[in-house]
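Trainee: Can you read through this structure? Questions will come right after.
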């Protein structure tokens, strides 16, 4: 019912940071998928750039069948391709560019006719967006071109850093500023397909503004979707309007690949910390992604640098860490999740040594938010073993998850979609519980029974229960009760 645990000194230790695994050919067998669930994945990612609707429908059906058998809820993220600008294809598959040579990116050229001197590009207005003297970074900056002339749709350049260049690699401008629309025709169709797949989160690639996120949500809702929206922070322009974007989304994904190319790799670590803090201040969740354990695509063990990268993300307070090619196409998908789990657990031991004072000096805007903040304060100062939060939409446990704590928060709900949605919230674990037409005393007893079945609490442990007077009403949490496991719970 939640992230993988460890036992030390007869005490159950929970992993609070969530792990997202990208699905692909390497995860398509029942054996691998079962193992991924067993080692504790919390969510999966479907990359719409590299999969068909039929592929994704089969994968979700298989995932949900196995997760139901194992009583382990797994959330699903559908990741739109977005308007990533890419060069076209080379007739010979690849070329070799040498420093000092001339090379042309030609918006008039067919996407299939690239050669040693020129290549087409997917963004037809690229020549309007660049100027003489600009630096273009191709293939995540492995190829560096300085623009020498722009004429009639052709971008002439000098190769500053050369090397092997293959078809369909990405193009960025140093400093950002390329204005391709965030949502393409393919994305719009993928949004409709995402609704059919019943995904829990829709990730929007390369948004520049809050308007891009609003448009994606509108299209998602119009198609019948009711999941959360994740803004992928990959462009410099998104940084300029980050507060407005956070007002419109439910989570951000820090896409450190394209973002690092545009702002410079040395700027990424500090920016990562800033974005995580900014997201939490807006009650959004933060996902750290890209190349976290990339060497495990081909190796059964991570590098020390990769372990440090994941550890630093946990220390920064990220809600989730994500694996991409490591699980989608890698040789060791299960080992990659295990390595990430070990790293998160070790890092959290340091994070949870201190009691959070986050938001203690802030006003609450809603009663249920105040109950959530009060529950976390009491839990952190009273030696509580667990929190049982009866929730309809998951809002209460989201607020709770913003507070640093080693105490597990169980989201008890009858709604399957809420169970899957809270899989992204740090330190929150989904647990099904029917709460319709019950007395408060019965509800309290049922909540404790759920925690006992999950082996979260034991005799004489203190537990905090949050709920509403009107059971089953969205946004109605207005009560906090502290009970001791095994003691008679009197009717209220």
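Numbering (this note's numbering), first residue to last: 317 to 808. Just so you know, even glycine gets a beta-carbon here, dropped at the ideal spot from N, CA and C. From a predicted model like this one, the values you see are computed outputs, not experimental measurements.
Tell me whether residue 800 sits in a helix, a strand or coil according to DSSP, three-state version.
Mentor: Residue state, collapsed to three classes: strand.
Trainee: Rounded to whole angstroms, what's the CA-CA distance from residue 615 to residue 457? Just pull it up for me.
Mentor: Approximately 24 Å between the Cα atoms of the pair.
Trainee: Taking the beta carbon of residue 588 as the centre, do at least 16 other beta carbons fall within 10 Å, making it buried, or is it exposed?
Mentor: Residue 588 should be labelled buried.
Trainee: State the Cα-Cα distance for the pair residue 602 and residue 715, rounded to the nearest angstrom.
Mentor: Roughly 14 Å between the two C-alpha positions.
Trainee: Hey, residue 446 and residue 403: beta-carbon distance below 8 Å or not?
Mentor: Contact: no.
Trainee: With a Cβ-Cβ cutoff of 8 Å, do residue 817 and residue 599 count as a contact?
Mentor: What the structure shows of the chain is the stretch from 317 to 808, and residue 817 is not part of that stretch, so it cannot be assessed.
Trainee: Of the choices 802, 425, 630, 769, whose alpha-carbon is the least far from that of residue 585?
Mentor: Selected option, being the one with the closest Cα: 630.
Trainee: Near residue 617, which residues of its chain fall below 8 Å by C-beta distance, leaving aside the five closest residues on each side in sequence?
Mentor: 651, 655, listed in sequence order.
Trainee: Pick from 569, 541, 690, 556: whose alpha carbon is nearest that of residue 547?
Mentor: Ranking the options by Cα distance to residue 547, first place goes to 569.
Trainee: What is the rounded straight-line gap between the Cα of residue 486 and the Cα of residue 439?
Mentor: About 11 Å.
Trainee: Taking contact to mean at least 3 C-beta pairs separated by less than 8 Å, is the region 513-524 in contact with the region 536-556?
Mentor: Yes: the two stretches touch, three or more of their Cβ pairs being nearer than 8 Å.
Trainee: Between which two residues does the beta strand (DSSP E) carrying residue 467 extend?
Mentor: Segment 459-467, the beta strand (DSSP E) holding residue 467.
Trainee: Can you tell me whether residue 492 is buried or exposed? The criterion is at least 16 other CB atoms within 10 Å of its CB, across all chains shown.
Mentor: Result: buried.
Trainee: Once you ignore the five residues that flank residue 744 on each side, which residues in its own chain have a CB closer than 6 Å to its CB?
Mentor: Taken in chain order, the residues that qualify are 713, 717, 725, 727, 738.
Trainee: Taking only runs of the beta strand (DSSP E) that begin and end inside the region 529-610, which ones reach a length of at least 3 residues, in chain order?
Mentor: Counting whole runs of 3 or more residues, the region 529-610 contains the beta strand (DSSP E) stretches 544-549, 567-571, 601-605.
Trainee: Apply the 10 Å Cβ neighbour rule to residue 426 and answer buried if 16 or more other Cβ atoms are within range, or exposed otherwise.
Mentor: Exposed is the call here.
Trainee: By Cβ distance below 8 Å, which residues in the same chain neighbour residue 382 in space, the five residues on each side in sequence not counted?
Mentor: Closer than 8 Å at Cβ, skipping near neighbours: 346, 349, 350, 353.
Trainee: Distance check for residue 771 and residue 326, CA to CA, integer angstroms please.
Mentor: Note that residue 326 scores 46 on pLDDT, short of 50, meaning its location in the model is unreliable and no value can be drawn from it.
Trainee: Quick one: what does DSSP say residue 792 is sitting in, helix, strand or coil?
Mentor: Coil, per DSSP.
Trainee: Take the Cβ of residue 424 as the centre, count every other Cβ of all protein chains shown within 10 Å, and call the residue buried at 16 or more, exposed below.
Mentor: Classification of residue 424: exposed, given that the 10 Å Cβ count is below 16.
Trainee: From 470, 722, 662, pick the residue whose C-alpha is nearest to that of residue 628; which is it?
Mentor: Of the candidates 470, 722, 662, the one whose C-alpha sits nearest the C-alpha of residue 628 is 662.
Trainee: Report the rounded CA-to-CA distance for residue 701 versus residue 494, giving the unit in angstroms.
Mentor: For residue 701 and residue 494, the distance between alpha carbons rounds to 51 Å.
Trainee: From residue 481 to residue 430, what distance separates their C-alpha atoms?
Mentor: Cα to Cα, residue 481 sits roughly 11 Å from residue 430.
Trainee: Just the C-alpha distance for residue 526 and residue 593, rounded to the nearest angstrom, thanks.
Mentor: Cα to Cα, residue 526 sits roughly 19 Å from residue 593.
Trainee: Please classify residue 386 as buried or exposed, where buried requires at least 16 other C-beta atoms within 10 Å of its C-beta.
Mentor: Classification of residue 386: exposed, given that the 10 Å Cβ count is below 16.
Trainee: Can you tell me the Cα-Cα spacing of residue 776 and residue 799, whole angstroms?
Mentor: Each residue's alpha carbon lies about 9 Å from the other.
Trainee: Assuming contact is defined by CB atoms lying nearer than 8 Å, are residue 420 and residue 375 in contact in what I supplied?
Mentor: Not in contact: residue 420 and residue 375 (Cβ atoms no closer than 8 Å).
Trainee: Using a threshold of 8 Å, state whether the C-beta atoms of residue 393 and residue 336 are closer than that.
Mentor: Yes, the Cβ-Cβ distance between residue 393 and residue 336 is below 8 Å.
Trainee: Have a look at residue 538 and residue 749 and give me their C-alpha separation to the nearest angstrom.
Mentor: Looking at the two C-alpha atoms, the distance is approximately 30 Å.
Trainee: On a Cα-Cα basis, can you pick out the residue from 483, 523, 489, 510 that is closest to residue 498?
Mentor: Closest by alpha carbon: 523.
Trainee: Where residue 334 and residue 746 are concerned, what is the direct C-alpha to C-alpha distance, given to the nearest angstrom?
Mentor: Between residue 334 and residue 746, the C-alpha separation is close to 12 Å.
Trainee: Could you pull out every unbroken alpha helix (DSSP H) segment of at least 4 residues lying fully inside the region 706-793, listed in chain order?
Mentor: Those alpha helix (DSSP H) runs which fall completely within the region 706-793 and span 4+ residues are 711-717, 732-737, 756-769.
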